[in-house]
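Protein chains in written order, with our numbering: chain A, 1 to 228; chain B, 1 to 231. Please read the structure below before turning to the comments.
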Amino acid sequence: MGEVKLIGTHQSFPCARIEWGLKIKGVEYEYLKEDLSNKSDLLIESNPVHKKVPVLIHKGNPIAESLVILEYIDETWKDNNAHSLLPQNPYERALARFWAKFIDEKCVISVWGACVAQEGEEKEKAVEGAIETLSHLEKQIKGKKFFGGEKIGYLDIVAGWLSYWLSVLEELGEIELVNAERFPCLHEWGKNFINTSPIKDCIPPREDVLAYFSFGINYVRSMAPNKA
Amino acid sequence: MAKSEVKLLGAWPSPFVLRARIALNIKSVDYEFLEETFQPKSQLLLQSNPVYKKIPVLIHENKPICESLIIVQYVDDVWSSGGPSILPADPYDRAIARFWATYVDDKLFPAMKSIAGAKGEEERKRLIKEVEEGLALLEDAFNKITSKGNNKLFFGGDQIGYLDIAFGSLLGWLRVTEITTGVKLFDQVNTPGLANWAERFCAHAAVKDVMPHTHKLLEFAKTLMTKLAPI
């Protein structure tokens with residue numbers, strides 16, 4: 001104890017990823033709750049480049065960026081029958097990394113965009129774009145319980161926001177992206193994922209996530225240029 | 001391994017394709033280089049990278065691997081005995097290398113790329129400043145990383161590694177940017193550590209034959225600008 005610290009906020013899904021990873025590996029850690037409106041000296045010192053959460057501190061060494069942290073966790077705690085997060089096979093590993101990058105670069109951005117966009121053609125287009133990115137994930141999960149196979153793996157953790165945070169975004173954006181009709185496999189995966197331990201032990205209250213995203217959406221909308 | 005078992009679909013000006021070539025060279029992998037035609041994109045490209053339709057694509061035993069840094073890690077995994085390790089041995093050093101490689105892709109490269117298309121002098125200056133700040137961070141990172149070990153030659157120690165490849169692949173285009181903006185980004189005054197590292201990197205056996213010459217990249221950039229310029 002004291003060896004592993006996580007600087008984060010419970011509403012943030014990149015931070016949830018790290019908790020899931022640590023808990024799956026059975027690693028004990030101290031959670032240092034960060035107030036993003038008043039960033040701590042520790043956060044700024046540990047992640048001077050981005051000043052963002054999550055940051056993992058292990059034996060005094062800070063690591064930032066959720067995907068980088070997940071690989072670090074997998075590589076550092078790999079004994080004691082610890083469950084491997086990334087696949088063993090190099091090709092499968094490359095695929096997992098590819099889809100993780102796709103999720104962060106395409107899915108997150110397009111879903112956020114669809115949510116933020118206001119009524120009209122712009123919103124329709126944004127929703128179509130988001131659905132298109134998610135359709136790739138539907139194909140990937142087809143025929144599997146988890147992206148990692150029988151057990152939760154790296155890609156499940158990275159995609160995990162779809163099982164809970166997404167529904168909050170859908171509500172705020174007044175859209176529906178993942179449902180049982182359109183994406184039956186992804187929908188099923190989401191239900192399995194969110195109901196599995198230790199995933200379900202790190203879910204923040206819905207109203208906190210609502211408030212967190214609400215603030216962000218209103219901010220972005222207020223910055224948008226007025227249409228003539 | 002038969003040469004045809006490993007193919008790399010790419011284009012000579014691309015820094016991302018260069019990353020894959022350097023990694024394959026480090027591991028002494030025999031491969032077939034397929035120069036992508038573009039206009040239109042080849043069937044092979046569309047089939048092997050349907051999601052992004054971009055190069056590079058490594059095709060190994062008929063399986064495609066996409067995204068340059070993912071390819072580099074794959075090469076390191078598969079041909080582990082073919083040459084020195086590309087990723088550092090220690091998990092923390094690996095995390096640092098991955099962090100900075102992500103920074104290069106997410107921040108440095110996009111800023112550098114946008115300079116040419118900047119709308120107005122103010123935006124141009126802002127982007128140049130962003131690149132300068134990024135290089136200052138990498139200079140700092142280089143000093144920190146090399147002060148840890150005995151070997152101060154590369155980010156990877158005495159051999160080029162993951163971060164050398166991720167960042168070094170941009171050197172040609174950084175030099176083109178210096179020429180087109182008239183701003184010295186990379187030199188003994190601003191970034192002495194990196195300036196010396198850059199020379200060593202470009203002279204490395206795995207790099208020198210595949211790194212495109214700056215004057216060729218400059219010609220290529222001029223052709224691109226002519227094509228993209230409004231009529």
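Ideal Cβ placement from N, Cα and C applies to all residues, glycine included.
Exercise for the section: Tell whether a beta-carbon distance below 8 Å holds between A:Leu-155 and A:Ala-96. Expected result: yes
Problem - Inter-residue Cα distance where the pair is A:Lys-125 and A:Asn-179 - result: 19 Å
Exercise for the section: Keeping to the same chain, check which residues put their C-beta closer than 6 Å to that of B:Ile-231; ignore five residues upstream and five downstream. Expected result: The predicted model places B:Ile-231 with a pLDDT of 49, which falls under 50 and marks its position as unreliable, so this point remains unresolved.
Exercise for the section: Please report the residue range of the beta strand (DSSP E) in which B:Pro-64 lies. Expected result: 63-66
Problem - Cβ pair count under 8 Å reaching 3, the segment 90-108 of chain A against the segment 107-118 of chain B - result: no
Handout entry: Span of the beta strand (DSSP E), counted from its first residue to its last, around B:Val-57
Key = 57-60
Problem - Which of helix, strand or coil DSSP assigns to B:Leu-34 - result: strand
Exercise for the section: Select from A:Lys-78, A:Lys-106 and A:Glu-119 the residue whose C-alpha is nearest the C-alpha of A:Ala-130. Expected result: A:Lys-106
Handout entry: Residue-level contact to chain B via CB, A:Arg-17, 8 Å cutoff
Key = no
Handout entry: Residues of the segment 44-68 of chain B with Cβ closer than 7 Å to any Cβ of chain A, in chain order
Key = Val-51, Lys-63, Ile-65, Cys-66 and Glu-67
Handout entry: chain B within 8 Å of A:Pro-90, Cβ atoms only
Key = yes
Problem - Bounding residues of the beta strand (DSSP E) (the contiguous stretch that carries A:Ile-57) - result: 55-58
Problem - Test: A:Glu-181 CB closer than 8 Å to a CB of chain B - result: no
Problem - Nearest-angstrom Cα separation, counted from A:Leu-56 out to B:Phe-167 - result: 24 Å
Handout entry: CB contact below 8 Å: B:Met-1 versus chain A
Key = Because B:Met-1 sits at a pLDDT of 49, beneath the cut-off of 50, its placement in the model cannot be relied upon, and the following sentence gives the value as read from the coordinates. No, because no Cβ of chain A sits closer than 8 Å to the Cβ of B:Met-1.
Handout entry: A:Ala-224, buried or exposed, once every other Cβ within 10 Å from all chains shown has been counted against 16
Key = exposed
Practice task
Could you work out which residues of chain B lie near A:Lys-101, taking near to mean beta carbons separated by less than 8 Å?
Solution key: Glu-67 and Ile-70
Handout entry: Same chain only: Cβ atoms within 6 Å of B:Phe-16, ignoring 5 sequence neighbours per side
Key = Pro-56 and Ser-68
Practice task
Could you tell me which residues DSSP pairs with A:Pro-48 in its beta bridges?
Solution key: Answer by DSSP bridge pairing: none, since A:Pro-48 is not bridged.
Handout entry: Test item: CB-CB of A:Pro-54 and A:Pro-14 under 8 Å
Key = yes
Exercise for the section: Could you check the C-alpha separation between B:Lys-63 and B:Ile-71 for me, to the nearest Å? Expected result: 12 Å
Practice task
Examine the Cβ distances between the segment 214-223 of chain A and the segment 109-121 of chain A and report whether three or more of them are shorter than 8 Å.
Solution key: yes
Exercise for the section: Tell me, please, which residues DSSP counts as bridged to A:Ile-63. Expected result: A:Leu-56
Problem - Close-in-space but distant-in-sequence residues of the same chain around B:Pro-13 (CB under 7 Å, 5 per side omitted) - result: Pro-212, Leu-217 and Phe-220
Handout entry: Inter-residue spacing [alpha-carbon to alpha-carbon] between A:Ser-84 and B:Val-176
Key = 44 Å
Handout entry: CB contact flag (B:Val-75, B:Leu-44, <8 Å)
Key = no
Problem - Between the CA atoms of A:Ile-109 and B:Ala-89 - distance to the nearest angstrom - result: 34 Å
Practice task
Look at A:Leu-166 and A:Val-209 and say whether their C-beta atoms are less than 8 Å apart.
Solution key: no
Handout entry: beta strand (DSSP E) runs wholly inside the segment 12-47 of chain A, at least 3 long, in chain order
Key = 30-33
Handout entry: A:Lys-144 versus A:Ile-18 - alpha carbon distance
Key = 23 Å
Exercise for the section: Keeping to the same chain, check which residues put their C-beta closer than 8 Å to that of A:Glu-171; ignore five residues upstream and five downstream. Expected result: Leu-210
Problem - Test: A:Asn-218 CB closer than 8 Å to a CB of chain B - result: no
Practice task
Helix, strand or coil for B:Ile-160, going by three-state DSSP, please let me know.
Solution key: coil
Exercise for the section: With a 10 Å radius around its C-beta and 16 neighbouring C-beta atoms as the bar for buried, classify B:Ser-169 as buried or exposed. Expected result: buried
Exercise for the section: Flag B:Thr-102 as yes if its beta-carbon sits less than 8 Å from any beta-carbon of chain A, otherwise no. Expected result: yes
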